[in-house]
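Mapping of the sequence shown onto this note's numbering: residues 21 to 575, in sequence order.
Here's the structure we're looking at; comments come further down.
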Amino acid sequence: MTRIPRRRALQAGLTGTIALAAGGAVVAADVGAEFFPNLEQGAGSAPWGVAVGPDGLIYVTDSRLNQLAAHSPAGGIVRILAGSGSATGELRRPQGVTVSRQGEVFVVDGGNRRVQVFDLQGAFLRQWGRRGSDPGEFNAPRGIALDTFGDVYVADGFNDRVQKFDPSGEFMLAWGSRGRAPGQFGTPTGIAVGTSQLVYVADTFRDRIQAFELDGSFARVVVEAPVIRNPIGLDVDLSDRLYITDDIDQRLIIIEHNGTTAGSVGAEGRQTGEFQFPRGVAVNEAGRVYAADSLNHRVQSLQTGLQQTMPPTEAADLAVGVAARAPHTSPTAHNLTNWLVRRTGQLRVAPFAAYFTTTGGIDRWGWPISEPLIESEGTVSQYFQRGVMDWTADAGARRAVLPRPVWDFLGGGRGGAPDLGVEANVISDQPGEMIGTWGHRVSNFAIDGTEIGFLDFFNTYGGEEQFGAPRTEARPDTGDAGTLYSDDAPLGIIRQYFQNAVFEFAPDRPQPVRLRLIGQSLRNRLYPAWEEMAVFADQSPVAKGQSVGIPDLRL
Numbered sequence: 021m022t023r024i025p026r027r028r029a030l031q032a033g034l035t036g037t038i039a040l041a042a043g044g045a046v047v048a049a050d051v052g053a054e055f056f057p058n059l060e061q062g063a064g065s066a067p068w069g070v071a072v073g074p075d076g077l078i079y080v081t082d083s084r085l086n087q088l089a090a091h092s093p094a095g096g097i098v099r100i101l102a103g104s105g106s107a108t109g110e111l112r113r114p115q116g117v118t119v120s121r122q123g124e125v126f127v128v129d130g131g132n133r134r135v136q137v138f139d140l141q142g143a144f145l146r147q148w149g150r151r152g153s154d155p156g157e158f159n160a161p162r163g164i165a166l167d168t169f170g171d172v173y174v175a176d177g178f179n180d181r182v183q184k185f186d187p188s189g190e191f192m193l194a195w196g197s198r199g200r201a202p203g204q205f206g207t208p209t210g211i212a213v214g215t216s217q218l219v220y221v222a223d224t225f226r227d228r229i230q231a232f233e234l235d236g237s238f239a240r241v242v243v244e245a246p247v248i249r250n251p252i253g254l255d256v257d258l259s260d261r262l263y264i265t266d267d268i269d270q271r272l273i274i275i276e277h278n279g280t281t282a283g284s285v286g287a288e289g290r291q292t293g294e295f296q297f298p299r300g301v302a303v304n305e306a307g308r309v310y311a312a313d314s315l316n317h318r319v320q321s322l323q324t325g326l327q328q329t330m331p332p333t334e335a336a337d338l339a340v341g342v343a344a345r346a347p348h349t350s351p352t353a354h355n356l357t358n359w360l361v362r363r364t365g366q367l368r369v370a371p372f373a374a375y376f377t378t379t380g381g382i383d384r385w386g387w388p389i390s391e392p393l394i395e396s397e398g399t400v401s402q403y404f405q406r407g408v409m410d411w412t413a414d415a416g417a418r419r420a421v422l423p424r425p426v427w428d429f430l431g432g433g434r435g436g437a438p439d440l441g442v443e444a445n446v447i448s449d450q451p452g453e454m455i456g457t458w459g460h461r462v463s464n465f466a467i468d469g470t471e472i473g474f475l476d477f478f479n480t481y482g483g484e485e486q487f488g489a490p491r492t493e494a495r496p497d498t499g500d501a502g503t504l505y506s507d508d509a510p511l512g513i514i515r516q517y518f519q520n521a522v523f524e525f526a527p528d529r530p531q532p533v534r535l536r537l538i539g540q541s542l543r544n545r546l547y548p549a550w551e552e553m554a555v556f557a558d559q560s561p562v563a564k565g566q567s568v569g570i571p572d573l574r575l
């Protein structure tokens, strides 16, 4: 077989003529693979990206036909969502594709250096990107993935980086540069987010898969040469098992989350289970795998014999969680991890550990003081020293982790709490930002001019989305009538009360801004006998894949 240089093959999107060797290799079906009818693209095609939609259809990009098509799992194209061109809603050398649970199809429009988003019927929704190397610009973008918060990750191939965007396309951050060190890349191509909420990146020309936290910090090299060579496509199943297409050995290789090899399927050829330049790969919740077999003009469909980690099907909604990631170590002896839970018959990730990491960690939350629990219909919660996380439906009916407005439940009149109101008679003239509708600002200065750094802390750890709006100015707690204060907090300390948190000025600490332990206060108020409740007692660490009951405190 005559090969073309690896980087040039990627740059061309495999649209040129490449001589192929005859088949005849034996399929290495050491994972008990069972094959199903192919999703045929037809002569002249070169399927690249593959994704499974919430409607059960398989969405496939084709870098030669310049199209995005939805296929039936049984074979046959159901509809063409987008065709060839450079106008809005048209594609040129499309590469990666992913589909959100809300039914939005995100496509890397490689030749036009942009990301385009369609609905399941093919209606154009939005786009972003252009050629370049600045934030939000692309040079040979390849893979695309979504995390459980809906944020978008794009492998920006020839810029040797990963870019992260919010669901609307607003640039959030980027990481990576060209090189061989951990966190550097040699043309990243495939990308996927696991149930653990780690971002896995196929570092194609460095022959390795790297794992990162959602904020881009390097976690580890999962696997590298000689186990894999020239990895291209990448997806992750419910067990955080990686499915990787290998462009040199012409196969699909499956790697456990700890880096050991689970098995492989394929060799070079044209027969079932053989590949010619495999590209994207997708795996659904049942473990069915779809692999783009580019120059055989098809997507192969197979099921391995590997066991999927999932709650038992007979479990009631939200009654069972499965640890998706080994927990963080906590001195309060509670588990902090991401969970797979069943909701209305479907599996969802409740990403408490990922949310903890990306919203400030210990500075924002302190340590967990409970295991996951249920207090209201359809919601899983976890208590922390400085707040409460609720995994529930947001305003758009999307499952999401949201910070509970804990102060509102302590002194804001919610949930039977006393309504201590808003301080309307104490207004600061210090510089700052007016937040919310109660006429209070967040400032780096207290009303007496003391420099406190509250605004910097507020903006660093998520702003109004994380803390809510202020009900007071930053001023010393006096306990006077008409002011807000906590019965269990000493007076005389500069504090500012927000819906979700209480800021304190602690000049004797390296971090002079700290948060009151109002998560503990709410636990104590709602559950006076909490010390006798198992969900608040010390726990043993859960193991990845372990099933754990989620107690319903309403019972």
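Cβ coordinates follow ideal geometry from the N, Cα and C atoms, glycine included.
- Taking C-beta atoms under 8 Å as the contact rule, residue 264 and residue 222 qualify, at a distance of about 7 Å.
- For a cut-off of 8 Å, the C-beta gap from residue 174 to residue 128 is around 7 Å, short enough to register as a contact.
- Within the segment 524-564, the runs of beta strand (DSSP E) that reach at least 3 residues and sit entirely inside it are, in chain order, 533-535.
- Counted as a single uninterrupted DSSP element, the alpha helix (DSSP H) harbouring residue 475 occupies residues 474-480.
- Scanning its chain for C-beta atoms nearer than 7 Å, with the 5 sequence neighbours on each side dropped, one finds around residue 423 the residues 407, 409, 486 and 520, in chain order.
- Taking all protein chains shown into account, residue 227 has 16 or more neighbouring C-beta atoms within 10 Å of its C-beta and is therefore buried.
- Residue 267 sits away from residue 273, with the two beta carbons spaced by 8 Å or more.
- Judged by pairs of C-beta atoms under 8 Å, the segment 152-159 does not touch the segment 235-253, as fewer than three such pairs exist.
- Residue 421 places its beta carbon 8 Å or farther from that of residue 388.
- Out of 245, 501, 556 and 132, the CA that lies nearest to the CA of residue 352 is found in 556.
- Between residue 214 and the set 243, 262 and 393, the nearest pair of CA atoms involves 262.
- By the Cβ test, the segment 565-575 is in contact with the segment 336-344, since at least three Cβ pairs between them sit closer than 8 Å.
- For residue 505, there is no enclosing beta strand (DSSP E), as DSSP marks it with neither H nor E.
- In this structure, DSSP gives residue 87 an extended state, which the three-state scheme calls strand.
- For residue 195, the uninterrupted beta strand (DSSP E) run begins and ends at 191-195, by DSSP.
- Boundaries of the alpha helix (DSSP H) harbouring residue 378: 372-378, taken from the DSSP string.
- Here the alpha carbons of residue 550 and residue 544 stand approximately 7 Å from one another.
- Its chain contains 73, 74, 75, 139 and 140 as the residues whose beta carbon lies nearer than 8 Å to that of residue 123, once the 5 sequence neighbours on both sides are disregarded; these appear in chain order.
- Going by C-alpha positions, residue 102 is about 11 Å away from residue 80.
- When only Cα atoms are considered, residue 95 and residue 318 end up about 10 Å apart.
- Within the segment 294-319, no run of alpha helix (DSSP H) at least 4 residues long lies entirely inside it.
- Between the alpha carbons of residue 291 and residue 307 lies a distance of about 22 Å.
- The closest CA to that of residue 511, considering only 496, 206, 501 and 517, is found on 496.
- Comparing alpha carbon positions, the residue from 488, 513 and 395 closest to residue 499 is 513.
- When 165, 110, 537 and 426 are compared, the shortest CA-CA separation from residue 189 is found for 165.
- Counted as a single uninterrupted DSSP element, the alpha helix (DSSP H) harbouring residue 485 occupies residues 483-487.
- As computed with DSSP, residue 265 is found in a beta bridge with 272.
- When secondary structure is reduced to three states using DSSP, residue 418 falls in the coil class, being assigned neither helix nor strand.
- With a cutoff of 8 Å on beta-carbon distance, residue 447 and residue 459 are scored as near each other.
- Assignment of residue 111 by DSSP, reduced to helix, strand and coil, places it in the strand class.
- Burial check for residue 366: the Cβ neighbour count within 10 Å stays below 16, so the residue is exposed.
- Taken in chain order, the complete beta strand (DSSP E) segments of 3 residues or longer contained in the segment 385-439 are 393-396, 399-404, 407-413 and 419-423.
- Under the DSSP assignment, residue 225 falls outside any beta strand (DSSP E); it carries neither an H nor an E label.
- By the Cβ-count criterion, residue 560 is exposed, with fewer than 16 other Cβ atoms from all chains shown falling within 10 Å of its own Cβ.
- Comparing C-alpha distances from residue 51 to each of 112, 285 and 110 shows the shortest one belongs to 285.
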